[in-house]
Structures are given as structure tokens and as C-alpha cells.
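Below is one structure, written out as C-alpha cells; comments come after it.
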Amino acid sequence: MSNLDSLLKNYQTLVQIPWRTDAAAMQRVWFCVYSEKDELALRAKLEEFELLTVQSGKKCLFYDLSDDFAQWLSTQRYAKGYFEKPVLLKTIMPSFKAYLVARITECIQKGNANQDTVFALYGLGSIYGFIKAKELVEKIAPLVKGRLVVFFPGSYENNNYRLLDGYDGWTYLAIPITADKQL
18 MSNLDSLLKN YQTLVQIPWR TDAAAMQRVW FCVYSEKDEL ALRAKLEEFE LLTVQSGKKC
78 LFYDLSDDFA QWLSTQRYAK GYFEKPVLLK TIMPSFKAYL VARITECIQK GNANQDTVFA
138 LYGLGSIYGF IKAKELVEKI APLVKGRLVV FFPGSYENNN YRLLDGYDGW TYLAIPITAD
198 KQL
């Protein structure tokens, strides 16, 4: 069985468990952790995650972060200058985070997400170096009444998450779903 098939199986186990309705926002976050080398294969399996979610009696909404940075930057008045001097991007990164939160909020509202909805976020690697994944998840989690599933390309060990196996990771209260540990 491949790592992604194991991840699917572990996701299926978790999504079928009855959900507590009184869980705090950070307790409703699940991280599906997979190797960054499996990004394309994971994207090909997103429909399987959706099918498992629907079979468990839940609704599923997806949000892809992949193009958001480019779309946002193209709307900036001085976009050309940022290409010439990327170091200047630091000054406007807070507006990128606000842009992402607004776009995701719109998706949640348009999708009529409720307490029986899995809101799945993927393409997280595309914000690497611009926004910390932890900061984005902390902003989005309270907006999701059901479960926020973050497809996380990286690693999880000893309650420590590392996006793209990059710099030091962080500890987070999310429920990890990995290929190597059965739920």
C-alpha cells in the first residue's frame, strides 16, 4: 500500500468518527501530512478524499492556495518594483495574509459550510516563505464550523510540524493524520 493510500485510509477512519460539536476551533483542525515529493499524486487523489467525506455523511469544500500569491501580487500598484527588489515584499506581506483570509472566508460562505463540512486547504507549499502556515491556520480555524483539513507537505514528528521539511517547525494542537501511524 502506498503512503498516500495509507493516508487515505487513516483519513477515512477519522472522518467517520462522530464529531463533537463543542470542540474549540483549534481542536477541529486536522493536518494530513505527506511527503512534499507526493504533491502531484496527492492532488490526483483529492477526489478520493472528497468521496470518503461524502460517504461519511459530511460535506466537502476545497480551497487551492496555489495561485493566490500571483493573483494578489498582480493587483499591487507597485508589482513591477517588487519583482525588481523582492526584499520590499516584506513591507506588504500583512496585506497578503488579509487577502488570503478574505478569499477563504468568501469560499466558506459561498459553499454554505456548516458544522458538518470538511473545509480542505491544499497548495500550502505555495505560501512557503511568504506567510507562516501556522499563522494562516490560526486565522482560518475559527471560520470553519466543521473540520479544517490542511494538506501538509512536510513532516510531523514529536508533535512538531515542518512545512516542506524546511526551517525549524512548530508545535500545533491539530490532529495529525499520517501514513505511517494508524488511527
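Note that our numbering has the sequence shown beginning at 18, numbered continuously upward.
From the three backbone atoms N, C-alpha and C, an ideal C-beta is built for every residue, glycine too.
Taking its Cβ as the centre, do 16 or more other Cβ atoms sit within 10 Å of residue i, making it buried, or is it exposed?
i: Arg94; result: exposed
i: Gly163; result: buried
i: Leu57; result: exposed
i: Ile157; result: buried
i: Asn27; result: buried
i: Ala115; result: exposed
i: Pro170; result: buried
i: Ser134; result: First, the residue type needs correcting, since residue 134 is Thr and not Ser in the sequence shown. Buried, since its Cβ has 16 or more Cβ neighbours within 10 Å.
Mapping DSSP to helix, strand and coil, what is residue i?
i: Trp47; result: strand
i: Ile148; result: coil
i: Ile192; result: strand
i: Tyr116; result: helix
i: Gly171; result: strand
i: Asn27; result: helix
i: Asn20; result: helix
i: Thr92; result: coil
i: Lys127; result: helix
Compute the distance between the beta-carbons of residue i and residue j, then report whether it is under 9 Å.
i: Ile144; j: Phe48; result: no
i: Leu165; j: Leu138; result: yes
i: Gln132; j: Thr70; result: no
i: Val118; j: Leu63; result: no
i: Val17; j: Lys76; result: Outside the shown range of the chain, which is 18 to 200, sits residue 17, and nothing can be said about it.
i: Leu82; j: Leu141; result: yes
i: Tyr173; j: Ala150; result: no
i: Ser73; j: Ala196; result: no
i: Leu90; j: Tyr99; result: yes
Could you check whether the Cβ of residue i sits closer than 8 Å to any heavy atom belonging to the ligand HEM?
i: Val50; result: Annotation note on the ligand HEM: not contained in the displayed structure, which lists no ligands.
If I'm right that residue i touches residue j with Cβ under 8 Å, what's the distance once you round it to whole angstroms?
i: Glu53; j: Leu181; result: 5 Å
i: Arg120; j: Asp85; result: 7 Å
i: Phe136; j: Leu78; result: 5 Å
i: Glu65; j: Leu25; result: 6 Å
message: Between the segment 43-50 and the segment 115-127, can you find at least three pairs of beta-carbon atoms closer than 8 Å?
response: no
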